[in-house]
Ligand code: ADP
Ligand code: ZN
Ligand code: ZN
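Numbering (the working numbering), first residue to last: 42 to 784.
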């Protein structure tokens, strides 16, 4: 014992944000070791190549795996305390192994951007204004000739505990006026940490409703198991009161001093969602999402880390939020694709959250109206406990789904007669229609009538989308934008026409059909600005009758109580997808959109326009519902040896050169395949469906196996081989474990 205390570990193993699947050894100078207790999770500056880098200590060690003479000393210690707790370090190490991703990149991903850049883990400080005794005693009237100073002093006089700079700017008071008052000795300023300002605290304003029997038994089951690891799938139709169930479970845990992480999809974090949480708890709630500044994110991270924030609501990136008293993780809309990171470190937030909860021995709650096949399979196999809510809360009726056969019909602007009549009726009842089309822009294609030329992206193998309002041609794959053309670049004809339709076109056509009705479009283009969605939501709630037209953005997180009719313009989209997940996604999307109809007290109606009304999938979904559809789908996956029954890894390679990526994967297969276990099924290399994207030619290999062990062994060999073989080349590669995209 004595010995180890006197001679600290001479080496540290450091993770660096570089694309190498290894840790780097550094020597700890004796003097530094005697002055500081080095711990895993602290940041250090270390020499790397010709420069120096910020890294994170992963382990202390008595020996080095490297040639000891070559191990360099670390340059400096960056922290007095670890910025990554042992718990999160364990999660990062597990994730690096599971996803075959460089450990340094995983650890840096887990940190807020400002900490990656070397900032201290400290709250932003803010100026607070206080009166001096003279300032408090001064009569406001004596400042008559300086009205701005007068207003400023008056505000501060009324707040004996001081006013923050933030509060002053909300009140529209000028800093310059404050400074003048300070010079006169009437005010003083103090720097205070953001943390102590207490601006995040919320106050319960809403009394929880009495739960219906289904909700009550789900809540009871969750409460009984709230102190140990276990995954529950809260599978309830839209409006069945899932959120209500977890709000009530959360209340118990908050009373017990626990922190709760609530994960929501990328665009599901609406002001409505936040308000609902705020109105229910007397506690600190923090948000964590991509629309926040780096500074705001660090402050939220710190509030979670010091235990102040009891509720953390965040998107995918909050998987790694530190929380010393974490008591439960809730994943709302668990089927949502935004939980999977599609580039770089390709983790799935749901799967990592489950691992994290297991390490901490705390429960996980997955909620969805359309659970992923993965989660349903786990529920069917009794690995997850399956809590079903099949009635709508508050006695609202479940919507009726009706197929509208488009074959041989004359359509007006893409709408069948049946749909138009239903829309008219709905609007006459002073209710709202939701039109769903999952394609933004005006039209997906621009073509020349004379020569057949099609506007295509220069960098991708796709057509450019026409955006009339912005007067642009836009590539939705690489973001290339060009001015909209009016003459053909091939034959100079001016007879250019659009093919197909997007939300922007439907919007303008509806404006022609329903002249006096407010028409609101909700898609990525109409909601680009920060407050646009909140503004649109407000408008929708203000009107009686209205038509909402939108993409999948309309299907998530919003409650529009006056929508009673949903029209799905193209129910066939996705029916014949090349991806084996196409059906699952289509069914989820249709069911989610359909769920928007008839919340609250009004019955809802859903019309699905289709050219394949007898297609078994559409028929099953309409008549039997999502659960039945999904169970059939799972049986098919099983018979075809597809996930979730088989595990899958996709290896991708891309290069600016047409052949390089494909050749590299071919060589890899030739050199390694004989080392894989026989049960590993290898397909490829094959070209991606969109071969060229952003100028890169893309090839992939698919690996499947029934057992994870065999698959991981093969994947480890592949990632080592590729890391080595691409060192000096322009080819980039990626390993995608449990991929959601397979082409
Ligand atoms: P979900 O999350 O399943 O879509 P919510 O929890 O949002 O469902 O509930 C749908 C609506 O019903 C909300 O307006 C909610 O306030 C209300 N609600 C939920 N449970 C009850 C209940 N037990 N009694 C009355 N209203 C309820
Ligand atoms: Zn032409
Ligand atoms: Zn492009």
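Glycine included, each C-beta is placed from N, C-alpha and C at the ideal position.
Under DSSP, the alpha helix (DSSP H) around residue i begins and ends at which residues?
i, result
"residue 85", "First-last for residue 85: 84 to 89, but that is the beta strand (DSSP E), not the alpha helix (DSSP H)."
"residue 626", "623 to 635"
"residue 750", "749 to 766"
"residue 674", "667 to 680"
"residue 219", "216 to 224"
"residue 181", "Neither: residue 181 is in no alpha helix (DSSP H) and is coded neither H nor E."
"residue 295", "283 to 296"
"residue 195", "188 to 198"
On the DSSP letters alone, give me the boundaries of the beta strand (DSSP E) that residue i sits inside.
i, result
"residue 538", "537 to 540"
"residue 169", "166 to 172"
"residue 519", "That residue, residue 519, is in no beta strand (DSSP E); it is neither H nor E in DSSP."
"residue 78", "Run containing residue 78: none; DSSP gives neither H nor E here."
"residue 66", "65 to 68"
Around the Cβ of residue i, are there at least 16 other Cβ atoms within 10 angstroms (buried) or fewer (exposed)?
i, result
"residue 278", "buried"
"residue 727", "exposed"
"residue 504", "buried"
"residue 404", "buried"
"residue 774", "buried"
"residue 670", "buried"
"residue 619", "exposed"
"residue 681", "exposed"
"residue 639", "buried"
"residue 567", "buried"
"residue 234", "exposed"
"residue 61", "exposed"
"residue 281", "buried"
"residue 99", "buried"
"residue 342", "buried"
"residue 779", "buried"
"residue 416", "buried"
"residue 599", "buried"
"residue 708", "exposed"
"residue 433", "buried"
"residue 714", "exposed"
May I ask you to list the residues that DSSP assigns as paired with residue i?
i, result
"residue 427", "274"
"residue 473", "587, 604"
"residue 650", "445"
"residue 355", "304, 329"
"residue 252", "In DSSP, residue 252 forms no bridge with anything."
"residue 728", "740"
"residue 261", "Bridge partners of residue 261: none, in fact."
Apart from the five residues on each side of it in sequence, which residues of its chain come closer than 6 Å, Cβ to Cβ, to residue i?
i, result
"residue 338", "153"
"residue 734", "501, 518"
"residue 454", "550"
"residue 240", "Confidence in residue 240 is poor, its pLDDT being 49 and thus under 50, which makes the residue's placement too unreliable to answer from."
"residue 276", "412, 429"
"residue 130", "81, 82"
"residue 464", "474"
"residue 742", "692, 706, 725, 726"
"residue 603", "472, 473"
"residue 105", "52, 66, 112"
Taking 8 Å as the limit between beta carbons, can you name the residues of its chain near residue i, skipping five residues before and five after?
i, result
"residue 497", "503, 504, 505"
"residue 535", "527, 528, 529"
"residue 230", "168, 169, 170, 171, 219, 223"
"residue 540", "484, 485, 486, 487, 488"
"residue 394", "302, 304, 360, 370, 372, 405"
Looking only at its chain, what residues have a beta carbon closer than 7 Å to the beta carbon of residue i, apart from the 5 residues adjacent to it on each side?
i, result
"residue 661", "669, 670, 673"
"residue 556", "none"
"residue 736", "500, 697"
"residue 181", "191, 194, 195"
"residue 51", "68, 69, 103"
"residue 769", "none"
"residue 580", "561"
Could you check whether the Cβ of residue i sits closer than 8 Å to any heavy atom belonging to ligand 4?
i, result
"residue 533", "Of the ligands this structure carries, namely ligand 1, ligand 2 and ligand 3, none is ligand 4."
Worksheet item: Below 8 Å, can you find three or more Cβ-Cβ pairs linking the region 757 to 768 to the region 635 to 654?
Response: No, they do not touch.
Discussion item. With three or more beta-carbon pairs closer than 8 Å as the criterion, would you say the region 411 to 419 touches the region 163 to 177?
Written reply: Counting Cβ pairs under 8 Å, fewer than three are found: no touch.
Discussion item. Does the contact criterion of 3 or more C-beta pairs under 8 Å hold for the region 465 to 477 versus the region 596 to 614?
Written reply: Contact between the region 465 to 477 and the region 596 to 614 is present, because at least three Cβ pairs lie under 8 Å.
Worksheet item: Below 8 Å, can you find three or more Cβ-Cβ pairs linking the region 119 to 131 to the region 82 to 91?
Response: Cβ pair count under 8 Å is three or more, so yes.
Worksheet item: Is the region 189 to 203 close to the region 131 to 144, with three or more CB pairs under 8 Å?
Response: Segment contact: the region 189 to 203 against the region 131 to 144, fewer than three CB-CB distances shorter than 8 Å; contact not assigned.
Worksheet item: So does the region 326 to 344 actually touch the region 259 to 267, counting three or more Cβ pairs closer than 8 Å?
Response: When Cβ pairs closer than 8 Å are counted between the two stretches, the region 326 to 344 is seen not to touch the region 259 to 267, the count staying below three.
Worksheet item: Are the region 292 to 302 and the region 443 to 451 in contact at 8 Å, needing three or more beta carbon pairs?
Response: By the C-beta criterion, the region 292 to 302 is judged not to be in contact with the region 443 to 451, since fewer than 3 inter-stretch pairs fall below 8 Å.
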